[in-house]
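Following: one structure in structure tokens, then a few remarks.
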Amino acid sequence: MGNSYNYIKYIKRVAFSNALDSIISLTILSFGISALVNLFKWLVFSANWSVVSLNLPLYLFGSFPGDQLWRPGLWISLFAIFSFITLWGPRWSWLRKSLPFLWVSYAPLGIFLLAGGFGLSAVESQNWGGLTLTILLTSCSAIVSLPLGIALALGRQSTLPVIKNLSSIYIDTMRSLPLIAVLFFGQLLIPLFLPVGLEINRVSRAIIAFTLFVSAYIAEDVRGGLQSMPKTQKEAGEVLGLHPFQITYLIILPQALRIALPSLTNQAVGLLQNTSLMAILGLVELLGVGRSILANPEFIGRYIEVYIWLAAIYWIVCTVMALIARHLEQQMTLDKKDF
Amino acid sequence: MPPIVKATNLTKSYSKGIFALDNVCISVEPGEVLVVMGPSGSGKSTLIRTFNGLESFDSGQLNILGITLEGHNNDERNIHRIRKRVGMVFQQFNLFPHLSIIENITLAPIKVQKKKKAEAEQNALLLLSQMGIESHARKYPSQLSGGEQQRVAIARALALKPELLLFDEPTSALDPERVNEVLDAMRKLAEQGMSMVVVTHEINFAKEVGDRVLFMDSGKVIETSTPDIFFLNAKHERSRKFLNQIKK
Amino acid sequence: MKISYNATAQLVIALIVILVVSILINNLTLNLIKTGLGFNFSWLFRPASFALAEHPLPYSPSDSYAWALFIGWLNSLKVIFYSLLLSTLIGTCFGLFRIGKNALLRLVSAGYIAIIRQTPLLLQLMFWYFVAILGIKKSIISPMGNLLSISNQGINLLGVTLSAEFTSLLLGLSVFTSAYIAEVIRGGINSVNKGQWESFRSLGLEESIGLYKIIIPQALPAILPGLTSQYLNLAKNSTLAIAVGYSDIYAINDTIINQTGRPIEAFIILLLSFLFLNLFISNGMEVLNSMVTRSTKL
Ligand SMILES: Nc1ncnc2c1ncn2[C@@H]1O[C@H](COP(=O)(O)OP(=O)(O)OP(=O)(O)O)[C@@H](O)[C@H]1O
Ligand SMILES: [Mg+2]
Chain X
10 MGNSYNYIKY IKRVAFSNAL DSIISLTILS FGISALVNLF KWLVFSANWS
60 VVSLNLPLYL FGSFPGDQLW RPGLWISLFA IFSFITLWGP RWSWLRKSLP
110 FLWVSYAPLG IFLLAGGFGL SAVESQNWGG LTLTILLTSC SAIVSLPLGI
160 ALALGRQSTL PVIKNLSSIY IDTMRSLPLI AVLFFGQLLI PLFLPVGLEI
210 NRVSRAIIAF TLFVSAYIAE DVRGGLQSMP KTQKEAGEVL GLHPFQITYL
260 IILPQALRIA LPSLTNQAVG LLQNTSLMAI LGLVELLGVG RSILANPEFI
310 GRYIEVYIWL AAIYWIVCTV MALIARHLEQ QMTLDKKDF
Chain S
3 MPPIVKATNL TKSYSKGIFA LDNVCISVEP GEVLVVMGPS GSGKSTLIRT
53 FNGLESFDSG QLNILGITLE GHNNDERNIH RIRKRVGMVF QQFNLFPHLS
103 IIENITLAPI KVQKKKKAEA EQNALLLLSQ MGIESHARKY PSQLSGGEQQ
153 RVAIARALAL KPELLLFDEP TSALDPERVN EVLDAMRKLA EQGMSMVVVT
203 HEINFAKEVG DRVLFMDSGK VIETSTPDIF FLNAKHERSR KFLNQIKK
Chain U
522 MKISYNATAQ LVIALIVILV VSILINNLTL NLIKTGLGFN FSWLFRPASF
572 ALAEHPLPYS PSDSYAWALF IGWLNSLKVI FYSLLLSTLI GTCFGLFRIG
622 KNALLRLVSA GYIAIIRQTP LLLQLMFWYF VAILGIKKSI ISPMGNLLSI
672 SNQGINLLGV TLSAEFTSLL LGLSVFTSAY IAEVIRGGIN SVNKGQWESF
722 RSLGLEESIG LYKIIIPQAL PAILPGLTSQ YLNLAKNSTL AIAVGYSDIY
772 AINDTIINQT GRPIEAFIIL LLSFLFLNLF ISNGMEVLNS MVTRSTKL
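Chains as they are written, first to last, in my numbering: chain X, 10 to 348; chain S, 3 to 250; chain U, 522 to 819.
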């Protein structure tokens, strides 16, 4: 009795405190409920999900050879498994300790599983696609651009004018360019800059372009972390007789990275979303698969179903990434009061 | 034995005409505890920070543990040699927040003196128990009180087995009831014969532990006396004024 | 000793960079010789010979490539400018909803931000273009009589016609950016000391007046840098125009490369365009910033 009375008071306070408030709340409630009902009706009764269900392997693996589907399948499942262990897995310390290693090796493992070699049959990069390719582009670019970005950030903080200026010019130029231009010219120009006769596939070119682009952004995020470090930490290292390199790697960088973690997470989520740009530059990653299915006469005009389905996948993957990052943030928190 | 610190006519100014150090001459003998006092901005921090090369100076001579420091453009290796033998404790503790207490203490022994991890940890635990905080070894700095953090900072400085310890207002950032636990730890060190230069406003500590008191104002050394003389019978008007102020 | 070490390090780095760059340029020249393209800008003054659906200034296919690029520039500026206004408006509303008293508005705003920020812009643009605009079945929708009519040909607002391409780009960019701006606004307002809220409430000021007179002026210094970087992102993102067929600077560059096969020169032009655009936006925001700091410092 008293409990429900409190609820009423609470609801009154947060949504019906005065006339205007009540009008707004009622409007939202009525519109919201009718929108939800209509959406539900549409999702369940009107929408024709065959465009999704008939093409499920395409969305996940692109046109990977049918008898080899276990390879991308295994790789994607590992993503789910690693995520699950990171977020909710048991607290066995050997497992926890090997997690960073597992995540770092995830991208190279993906290249091996997709491209083949060492006993696996080779699969051309033209056949890579769907969510698999999206995650491949993201993980490979991320794993290279993080160290590169850190190096650029340290370079920009350096007292040596040559290093400082070179880093600054690179970072500022890259950050002023639109990503699509970097990717497009990456496809066109990277072959021109390679030795005559050496060719690399579109996926590698895309990864190089993404890496060049993202590392400039990572550099600025890391630099923000470096700049917010108080000078006293450096001094405390100095009076202990640590070498400047040791001070950077053991004291400054770990803390700066921890501070930069939220923005680095945003970069990672942004990177995953931005791999969709390759859909208009000739790769059939997740969005590219959607486009090619929509171009198929059998499914013409099924835009809404495809887009909602794609949005849902992107949303889920991005949210999982954000959750993992938040988890990492809590693990790395400097303010370890709750132990 | 030669003095541990020998400074002659040490002079430094940050901006023209205002001296942070003005012809400072002092020496610290082995095993001596020198207490440095003076009003805010008088140059106390600047002085002791020149002793381990954290600050440069404009003119004068400085010799630490037999190594001569130049005013500017010192050879990195000389500064490094001094820092390995001189420990420092800061007002704000400056522990490394991302490392546990034991990691804070063993970092330099492992990375600078290349000691084995087990040996360094054993020594760290010994130091922590001397400081009375061995139970916190696996915690992180933010889980400790200010007084405990400052004792960790002292243990961290001691881990390199320094021949001289510098303290810059080690108790100023502490709650009043926490001050004594840190001063007691410092007192024990003095009893063991550690050479120390301590910037502090703690009169009782200066009286009981200090061998000499050095009083500074506007970058100048106004007087250097034994505690008995300084606190009862200071030679200079300026010193007496200062003492009256801090006693209030 | 110290100086010589630093000098050596710099020399080594400089040499490596020079070496890498010269290898790259060497490869480039070899490749250019192989393809027989060379490097020059004289093609800029040849007739473009492609049509543009939208051009704020007179344009015909017989005009030069340079003029076509300029038209592309104007088209870019147009969509950036209007998206900037619209996204700021939407973003401010959602940012304020997010911290407001009404729990339902907070919920709606949080949902909006979560959905928009966690899905790709390109997907959203395609949605606006193919579903929201081209997907309109009824020939014309006029919710406000003659003032506003919407059809799959675009929008007619107060007699001004906006093409379907422009409209979808405008909406897509604005909605996407607004979610980020909402977060910037929320962060800025949260950065103001909580005591300020209590003190204007204790003076009996109304919420809206207090927000407008007390809180927002203090939040602005924290908001403006975030806003600047969102505007810069918006300008860069506007190049996704190519996905909906709007002729902005990048899309025209793309067409020109297809016609002339001169990616390097086109890249240089695009790079310069964007360096200029960035300078323009950041300087504009700098002026705004100094105005704000001057007015809040009194
Ligand atoms: N980095 C600096 N740049 C410019 N001036 C400085 C700097 N550090 C110190 N000073 C000036 O040098 C003088 C001496 O400063 P110092 O910090 O040594 O004083 P202090 O005696 O330690 O004071 P406190 O008791 O407040 O710590 C002061 O006038 C101070 O303003
Ligand atoms: Mg001081």
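Glycine residues also receive a C-beta, built at the ideal position from the N, C-alpha and C atoms.
Residue i Cβ short of 8 Å to ligand 2 heavy atom set
i, result
"residue 244 (chain X)", "no"
"residue 204 (chain S)", "no"
"residue 196 (chain X)", "no"
"residue 93 (chain S)", "yes"
"residue 47 (chain S)", "yes"
"residue 179 (chain S)", "no"
"residue 57 (chain S)", "no"
Proximity test, residue i beta-carbon vs ligand 1 heavy atom, cut-off 8 Å
i, result
"residue 148 (chain X)", "no"
"residue 806 (chain U)", "no"
"residue 733 (chain U)", "no"
"residue 60 (chain S)", "no"
"residue 241 (chain S)", "no"
"residue 208 (chain S)", "no"
Chain-order list of residues whose beta-carbon lies under 8 Å from that of residue i (same chain, five-residue window excluded)
i, result
"residue 231 (chain S)", "237"
"residue 88 (chain S)", "53, 54, 66, 67, 164, 165, 166, 167, 168"
"residue 244 (chain S)", "39, 40, 41, 217, 219"
"residue 138 (chain X)", "67, 70, 71, 72, 73, 292, 293, 294, 297, 298"
"residue 600 (chain U)", "687, 690, 691, 694, 759, 762, 767, 769"
"residue 78 (chain X)", "66, 70"
"residue 33 (chain S)", "195, 196, 197"
Residue-chain proximity (residue i, chain U), Cβ-Cβ < 9 Å
i, result
"residue 313 (chain X)", "yes"
"residue 324 (chain X)", "yes"
"residue 285 (chain X)", "yes"
"residue 230 (chain X)", "no"
"residue 202 (chain X)", "yes"
"residue 68 (chain X)", "no"
"residue 125 (chain X)", "no"
Residue-level contact to chain S via CB, residue i, 9 Å cutoff
i, result
"residue 166 (chain X)", "no"
"residue 259 (chain X)", "yes"
Residues bridged to residue i (per DSSP)
i, result
"residue 222 (chain S)", "S:219"
"residue 294 (chain X)", "X:139"
"residue 9 (chain S)", "S:28, S:64"
"residue 70 (chain S)", "S:65"
9 Å Cβ cutoff, residue i in contact with chain X
i, result
"residue 624 (chain U)", "yes"
"residue 703 (chain U)", "no"
"residue 759 (chain U)", "yes"
"residue 92 (chain S)", "yes"
"residue 806 (chain U)", "no"
"residue 96 (chain S)", "yes"
"residue 229 (chain S)", "no"
"residue 641 (chain U)", "yes"
"residue 784 (chain U)", "yes"
"residue 89 (chain S)", "yes"
Close-in-space but distant-in-sequence residues of the same chain around residue i (CB under 7 Å, 5 per side omitted)
i, result
"residue 21 (chain X)", "none"
"residue 157 (chain X)", "220, 224"
"residue 185 (chain S)", "173, 204, 207"
"residue 59 (chain S)", "12, 13, 14, 23, 52, 73"
Own chain residues within Cβ distance below 6 Å of residue i, not counting five before or after
i, result
"residue 824 (chain U)", "Any property of residue 824 (chain U) remains undetermined from this structure, which presents chain U solely from 522 to 819."
"residue 171 (chain X)", "none"
"residue 143 (chain X)", "284, 294, 295"
Within 8 Å, do at least three Cβ pairs link the segment 143-152 of chain X to the segment 305-319 of chain X? Taking 8 Å as the limit for Cβ pairs, the verdict is that the segment 143-152 of chain X does not touch the segment 305-319 of chain X.
Would you say the segment 128-148 of chain S touches the segment 99-106 of chain S, given that touching needs at least three Cβ pairs under 8 Å? By the C-beta criterion, the segment 128-148 of chain S is judged to be in contact with the segment 99-106 of chain S, since at least 3 inter-stretch pairs fall below 8 Å.
Per the contact definition of three or more C-beta pairs closer than 8 Å, is the segment 325-339 of chain X in contact with the segment 267-282 of chain X? The answer is yes - the segment 325-339 of chain X touches the segment 267-282 of chain X, with three or more Cβ pairs under 8 Å.
Should the segment 768-776 of chain U be called in touch with the segment 552-568 of chain U, which here means at least 3 C-beta pairs below 8 Å? By the criterion of at least three beta-carbon pairs nearer than 8 Å, the segment 768-776 of chain U is not in contact with the segment 552-568 of chain U.
Under 8 Å, with one C-beta from each stretch per pair, do the segment 231-247 of chain X and the segment 112-123 of chain X reach the 3-pair mark? As far as the Cβ criterion goes, the segment 231-247 of chain X does not touch the segment 112-123 of chain X, which means the pair count is below three.
Check whether the segment 25-32 of chain S touches the segment 5-12 of chain S, counting contact only when three or more Cβ pairs, one atom from each stretch, lie closer than 8 Å. Two segments are said to touch when three or more pairs of C-beta atoms, one from each, lie closer than 8 Å; by this definition the segment 25-32 of chain S touches the segment 5-12 of chain S.
Three or more C-beta pairs under 8 Å: does that hold for the segment 628-639 of chain U against the segment 718-728 of chain U? With contact defined as three or more Cβ pairs closer than 8 Å, the segment 628-639 of chain U and the segment 718-728 of chain U are not in contact.
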